[in-house]
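Only one structure is covered here, and it is reproduced in the block below.
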Amino acid sequence: MKKVLLLSCLCLLLFFSSIHSATFSFSENNRVFDGQVSSPFTQSIIIYNPYEDVDFDSVHHYKANLHTHTTESDGSSNPDEVIYQYHDIGNYDILSITDHSLNTWPWTDWITENPIDSSSSSAFYPDLNMLAVSGNELSLGHHRSSLLNDYPFGGFFMHFAFWKIQQDNGVSFFNHPGRYTYDADWYQHYFDWFDKSLVGIEVFNQGDRYPTYRILWDEINKDRSPDDLIWGFSNDDMHHLSSHAFRNYQHFLMNELTEDELRTAMIDGLFYFSYEPDGSDDSLDTYGKAMTPKLTDVAVDETTISLTAENYTVIEWYDQHSELIGSTDSLDVSSINSNFVRAVFSNDYGKTFTQPFGVQQ
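According to the numbering used here, the sequence shown holds residues 8 to 368 in order.
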């Protein structure tokens, strides 16, 4: 009898130990990311939210164009005309002049305002309340933007050029990829090698010259880790102010208009971008006013992403195959088989795109 009792006690002890072990395992293995919880007892989903650290109640939405040409290369307007047009009419906060294979820098060679915090990578002009970004469109081989550094050449040797930009704490992205025939794997190679400075591709360029941009963007991100996606950009690629300006822009979500915050925003995806087809029409009352929707809040709760925006009539969600998967301001990703999702807001003036939200299942 004593043996039976002892054996029973031993079984009970093992049973409660297993419960404790399972409970401990649950606590240890639970993972939380921006409100997302995964456990060994439920479907494991983690949402990587690029806007996680943005306080939308206080953050500034700084309007920017990062691809601009002047008479220093093949543009039709002098640098001072370009600067003042983007400042006075377009109300831009951030501008980079990216003439072909050279730095049109510093701006003081063409304008009379004096900057503060000036360097070879950027300068803040208090009289304009504008951050000038030192830039160069490397134009030998696949064109790409070199920003926040003073690399002065065409970048024929692509690996060396990207390496130099990264060494100098610069930031880069591929320009108008629709002009070329490279596939997603070709781009993937460079994103993997230079992941600290090469951050994305232009999804819109000079209006919407190559609609296949969005498909390529999705194809690249489809095969990346969901916590290491690349970002989309929309730039005027301005050569002629009368026909190219103010159609493409992004809004960077920053607390202060500084080089360090811009660099962080570009690397971490703290921005959204827009395409406004009639933005260059100076006969319209809306000329230069950025009439596309404005992203105003992002919330992630368990398996759901909820977005808030101003001035939109339609919202669409897309998956890694560039297919429409939703049309409400909230999306439950638990039943979606995709490496990421992204949203597009539309109104009568144009479209605004979020950066992709990585989804790990």
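The C-beta atom is built at its ideal place from N, Cα and C for all residues, glycine as well.
Item checked: Run of the alpha helix (DSSP H) containing residue 268, from where it starts to where it stops -> 266-275
Item checked: Run of the beta strand (DSSP E) containing residue 132, from where it starts to where it stops -> 129-132 is the extent of the beta strand (DSSP E) around residue 132.
Check: With contact counted as at least three CB pairs below 8 Å, one residue from each stretch, are the region 227-244 and the region 205-217 in contact?
Finding: yes
Margin query: Quick check on DSSP: helix, strand or coil for residue 238?
Written below: If DSSP states are grouped into helix, strand and coil, residue 238 belongs with the strands.
Checklist line | Close-in-space but distant-in-sequence residues of the same chain around residue 210 (CB under 8 Å, 5 per side omitted) | finding: 220, 221, 224, 239, 240, 241, 280 and 360
Next item on the list: Tell me whether residue 19 sits in a helix, a strand or coil according to DSSP, three-state version.
Entry: Bear in mind that the predicted position of residue 19 carries a pLDDT of just 45, short of 50, making it unreliable; the figure below should be weighed with that in mind. The answer is helix: DSSP assigns residue 19 an H, G or I state.
Next item on the list: Note the first and the last residue of the continuous beta strand (DSSP E) segment covering residue 347.
Entry: 347-353
Next item on the list: Give the DSSP-derived three-state secondary structure of residue 209 in the structure shown.
Entry: strand
Note to self: Beta-carbon within less than 8 Å of residue 288's beta-carbon, same chain only, minus the 5 sequence neighbours each way: which residues are those?
What the structure shows: 294
Notebook entry, point to check: From what residue to what residue does the alpha helix (DSSP H) around residue 98 run?
Noted result: Looking at the DSSP string, residue 98 is not in any alpha helix (DSSP H), and its letter there is neither H nor E.
Next item on the list: Determine the extent of the alpha helix (DSSP H) in which residue 308 is found, giving its start and end residues.
Entry: Counting along the chain, no alpha helix (DSSP H) covers residue 308; the unbroken beta strand (DSSP E) around it starts and ends at 301-308.
Next item on the list: Pull up the distance between the alpha-carbon of residue 262 and that of residue 326, whole angstroms please.
Entry: The alpha-carbon separation between residue 262 and residue 326 amounts to approximately 31 Å.
Margin query: Do residue 68 and residue 260 count as a contact pair if the criterion is CB distance below 8 Å?
Written below: yes
Checklist line | N- and C-terminal bounds of the beta strand (DSSP E) containing residue 151 | finding: Here the beta strand (DSSP E) through residue 151 covers 151-154.
Next item on the list: Let me know the secondary structure DSSP gives residue 247 once reduced to three states.
Entry: When DSSP states are grouped into helix, strand and coil, residue 247 belongs to the coil group.
Check: Going by other Cβ atoms of all chains shown within 10 Å of its Cβ, with 16 needed for buried, is residue 174 buried or exposed?
Finding: exposed
Next item on the list: Mark residue 112 as exposed unless 16 or more other C-beta atoms lie within 10 angstroms of its C-beta, in which case mark it buried.
Entry: buried
Next item on the list: Provide the residue span of the alpha helix (DSSP H) that contains residue 166, from first to last.
Entry: For residue 166, the uninterrupted alpha helix (DSSP H) run begins and ends at 165-174, by DSSP.
Notebook entry, point to check: For residue 127, which residues from the same chain have a beta carbon less than 8 Å from its beta carbon, with the 5 sequence-adjacent residues on both sides left out?
Noted result: 112, 141, 156 and 157
Checklist line | Outcome for residue 330 when other beta-carbon atoms lying within 10 angstroms are tallied against a minimum of 16 | finding: Exposure of residue 330 is indicated by the presence of fewer than 16 other C-beta atoms within 10 angstroms of its C-beta.
Check: Which residues mark the beginning and the end of the beta strand (DSSP E) in which residue 358 is found?
Finding: 358-360
Checklist line | Beta-carbon separation (whole angstroms), residue 181 vs residue 151, contact threshold 8 Å | finding: Between residue 151 and residue 181 the Cβ distance is about 5 Å, and since that is below 8 Å, they are a contact.
Notebook entry, point to check: If you draw a straight line from the alpha carbon of residue 74 to that of residue 338, how long is it in whole angstroms?
Noted result: 33 Å
Item checked: Residue environment, residue 144, which counts as buried when at least 16 other CB atoms sit within 10 Å -> buried
Next item on the list: Rounded to whole angstroms, what's the CA-CA distance from residue 72 to residue 315? Just pull it up for me.
Entry: 24 Å
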